[in-house]
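There are 2 protein chains.
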Amino acid sequence: MTEQVVAVLGRGVVPRDTALLLADDLGFTRGDGCFDAARVVVRDGTPRVDHLDRHLARFARSAAALELPAPDQDSWRALINEALAAWTGTGEAVLKLVLTRGPEHSTSGTTALLTITAAADATSARQGVRGATLSRGYASDAFRDAPWLLGGVKSLSYAINVAAKREAVRRGVDEIVFTSSDGYLLEGPTTGLLVAADDQLWTTPLAGTGVLESVTIGVILDAARAEGVPTQEALFRADDLPGTDGAWLVSAIRGVLPLVELDGVRLPHNPQLSAHIAATAGFR
Amino acid sequence: MTEQVVAVLGRGVVPRDTALLLADDLGFTRGDGCFDAARVVVRDGTPRVDHLDRHLARFARSAAALELPAPDQDSWRALINEALAAWTGTGEAVLKLVLTRGPEHSTSGTTALLTITAAADATSARQGVRGATLSRGYASDAFRDAPWLLGGVKSLSYAINVAAKREAVRRGVDEIVFTSSDGYLLEGPTTGLLVAADDQLWTTPLAGTGVLESVTIGVILDAARAEGVPTQEALFRADDLPGTDGAWLVSAIRGVLPLVELDGVRLPHNPQLSAHIAATAGFR
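For the record, the sequence lines run as chains B and U.
Taking the working numbering, I'd label the letters of the first sequence as residues 1 to 284.
Taking the working numbering, I'd label the letters of the second sequence as residues 285 to 568.
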């Protein structure tokens, strides 16, 4: 069985087979809650969370967008530390933080818990992934002035993302890249999109597109600017990618995945550039 | 505390404060599951479920769209009967059936449970509701040939529906009517749309729109046809409604709610027609 630590805010680490949620928890019945996920890596014998400050900040933004109480940073950090201390895995793992509106028919307040789970091996994906585009159904400006559509919110309502991953399997590809109804590449179901072109790094604009801000792309772009490489936001079409220097799907957990093929078209792939970008985000 | 019965498939009725779900249940972490909800009413001293066959059939269609195992009808019916026998409420109640893909990191299979919970009083809403339109962000044909968008699937990923209800409160109205990006009325976050015009009854087409099939509208349209009233599907704009004989937001739980105002515009309302339509679906 996959190794796992489970911990509950206000309660601490619990046995992993502990049932924790009531049948009417709104995170369960409505997907009415948010989460965030970060990579846990063992460095110098100690498990550490990559870019925890940024993940906690995004978690707080998701909670605010859902009008949930702001996560108490000190309590979460203490719980994370307790869970890391209980973590005995040696490979890469996923820290997942979850906050929901809580049980619908009681006054017990929000549900707040975390899990640390051994990560699936991403070695192969880090060498290159083949992708297919799927329409996300929205125009690229659909989320402008429509906060109820929860654009950019890492909510628990991820059924479409999961369905898209099933569609990837059906199409015989590794990854999906969602497109807008007006034909732009947006993001993957659990990845952001990074493009190298014209000696710059590019990612999808957030405003209007509903795209989730990628913590790892943020780290990569900060590192690029520190190296003097300009960074910009732009919407690309699938047809644009063969003329670029490369594209990557970026995940906090799986890392920087070179998109070597999209809808059957080979894309430029520079392994040295990939390795450099991945290293700036802490991936080897 | 709101009266509630909780029951688990394969286990039966459990105390309502029983924690049932693991932290990594995919229904919880991904909204990766489906539900259905029907009204429970006490008739002749016995609690009964309205239109249970239709709700079970829709539940099975939702499960199929999510590629979940087909719900075993006999087991669910037995569990529902056990829960009804334990139900001591005398007013209207909600039966909710939930099926998820189960815990991500164990082999225990799907999670399947139900709740019966006392319903909020819908007396006032049945007299008339004021609505506001909100964009759902999708064009009215966005779901055509895009099954991964889960159009018409009653999934657990309902965070946008919940956010829309918060927006209704903020706008000082009772109900939201979602519109397509091309300006058509679709449905409410938890209601379907019914319109009377030209001596016919109309509802939103399902194909392409992503609209959930309403069990209660299905019952109403069947009754109308039996009375010789033609029924049709059509897309209406908000501007069309003042020229009709009336519009209703229809819920299996709350009933047939006359939409007496939309975006501040008064709409035609014939209380006798409303009462007749409501009665055909079992609402008084």
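Note that the Cβ used here is the ideal one computed from N, Cα and C, for glycine as well.
Per-residue DSSP class, three states only, for residue i
i, result
"U/Ala-402", "strand"
"B/Thr-29", "helix"
"B/Pro-258", "strand"
"B/Arg-126", "helix"
"U/Asp-337", "helix"
"B/Thr-280", "helix"
"B/Ala-112", "strand"
"U/Asp-328", "coil"
"B/Pro-103", "strand"
"U/Asp-308", "coil"
"U/Ala-303", "coil"
"U/Asp-320", "strand"
"B/Ala-301", "What the structure shows of chain B is the stretch from 1 to 284, and residue 301 of chain B is not part of that stretch, so it cannot be assessed."
"U/Leu-293", "coil"
"U/Leu-368", "helix"
"B/Leu-95", "strand"
beta-carbon residue i near the ligand PLP non-hydrogen atom, thresh 8 Å
i, result
"B/Gly-151", "Summarising the ligand content, the structure contains no ligands, and the ligand PLP is consequently not present."
Residue i versus the options, residue with shortest Cα-Cα distance
i, options, result
"B/Arg-48", "B/Arg-58, B/Glu-82, B/Thr-29 and B/Gly-188", "B/Glu-82"
"U/Tyr-442", "B/Gly-12, B/Gly-27, B/Thr-191 and B/Ala-23", "B/Gly-27"
"B/Val-8", "B/Ile-80, B/Ala-70 and B/Ala-226", "B/Ile-80"
"U/Thr-475", "U/Ala-481, U/Lys-449 and U/Asp-482", "U/Lys-449"
"B/Val-42", "B/Ala-19, B/Arg-237 and B/Glu-92", "B/Glu-92"
"B/Val-173", "B/Arg-30, B/Ala-85, B/Ala-86 and B/Leu-262", "B/Leu-262"
"B/His-51", "B/Gly-151, B/Leu-68, B/Ala-65 and B/Arg-77", "B/Arg-77"
"U/Ala-396", "B/Pro-147, B/Val-265 and B/Ala-23", "B/Ala-23"
"U/Gly-393", "U/Gln-556, U/Leu-305 and U/Gly-329", "U/Leu-305"
"B/Leu-156", "B/Pro-147, B/Pro-271 and B/Asp-25", "B/Asp-25"
"B/Glu-67", "B/Pro-103, B/Leu-99 and B/Asp-44", "B/Leu-99"
"B/Asp-121", "B/Thr-90, B/Ala-275 and B/His-105", "B/Thr-90"
"B/Asn-270", "B/Ala-197, B/Lys-154, B/Arg-11 and B/Ile-253", "B/Ala-197"
"U/Pro-387", "U/Thr-313, U/Phe-520, U/Ala-562 and U/Gly-548", "U/Thr-313"
"B/Leu-149", "U/Ile-504, U/Gly-435 and U/Tyr-422", "U/Tyr-422"
"B/Leu-257", "B/Gly-264, B/Asp-44, B/Leu-114 and B/Phe-283", "B/Phe-283"
"B/Lys-96", "B/Ser-135, B/Asp-44, B/Arg-39 and B/Ala-86", "B/Arg-39"
"B/Val-153", "B/Ala-247, B/Ser-62 and B/Arg-136", "B/Ser-62"
"B/Leu-235", "B/Ser-135, B/Val-250 and B/Gly-183", "B/Gly-183"
"U/Pro-431", "B/Arg-136, B/Thr-115 and B/Ala-86", "B/Arg-136"
"B/Ala-279", "B/Leu-221, B/Arg-237 and B/Leu-84", "B/Leu-221"
Nearest-angstrom Cα separation, counted from residue j out to residue i
i, j, result
"U/Arg-338", "U/Val-499", "6 Å"
"B/Arg-171", "B/Gly-188", "15 Å"
"B/Ser-75", "B/Asp-245", "44 Å"
"U/Pro-355", "B/Thr-2", "28 Å"
"B/Ala-223", "B/Leu-194", "14 Å"
"U/Ala-348", "B/Ala-163", "12 Å"
"U/Gly-415", "U/Ala-452", "8 Å"
"B/Ala-60", "B/Gly-255", "23 Å"
"U/Asp-565", "U/Ala-510", "A small correction: the amino acid at residue 565 of chain U is Ala; Asp does not occupy that position in the sequence shown. Their backbone Cα atoms lie some 13 Å apart in a straight line."
"B/Val-286", "U/Ile-460", "Outside the displayed span of chain B (1 to 284) sits residue 286 of chain B, for which this structure offers no information."
"B/Ala-118", "B/Thr-88", "10 Å"
"U/Leu-469", "U/Arg-385", "32 Å"
"U/Leu-490", "U/Glu-497", "7 Å"
"U/Leu-543", "U/Ala-559", "13 Å"
"B/Pro-242", "U/Gly-294", "54 Å"
"B/Gly-31", "U/Asn-445", "10 Å"
"B/Gly-208", "B/Ser-181", "13 Å"
"B/Phe-178", "U/Ala-341", "31 Å"
"B/Val-129", "B/Pro-268", "12 Å"
"B/Asp-239", "U/Asp-524", "41 Å"
"U/Val-503", "U/Trp-532", "14 Å"
"U/Ala-370", "U/Val-289", "7 Å"
"B/Ala-106", "B/Gln-272", "Per the sequence shown, the amino acid found at residue 106 of chain B is Ser instead of Ala. Cα to Cα, the separation comes out at about 55 Å."
Residue-level contact to chain D via CB, residue i, 9 Å cutoff
i, result
"U/Thr-417", "Of the protein chains in this structure, namely B and U, none is chain D."
Decide if the stretch 11-25 of chain B is in contact with the stretch 415-432 of chain U; the criterion is three or more beta carbon pairs, one per stretch, under 8 Å apart. Touching, no, given that fewer than three Cβ pairs across the two stretches are closer than 8 Å.
Between the stretch 404-418 of chain U and the stretch 303-322 of chain U, do at least 3 Cβ pairs fall closer than 8 Å? no
In chain order, each alpha helix (DSSP H) run of at least 4 residues that lies wholly inside the stretch 164-251 of chain B: 215-226
Residue ranges of each beta strand (DSSP E) run of no fewer than 3 residues wholly in the stretch 129-163 of chain B, ordered along the chain? 129-135
Kindly confirm or deny that the stretch 191-203 of chain B and the stretch 217-236 of chain B touch, where touching means at least three C-beta pairs closer than 8 Å. yes
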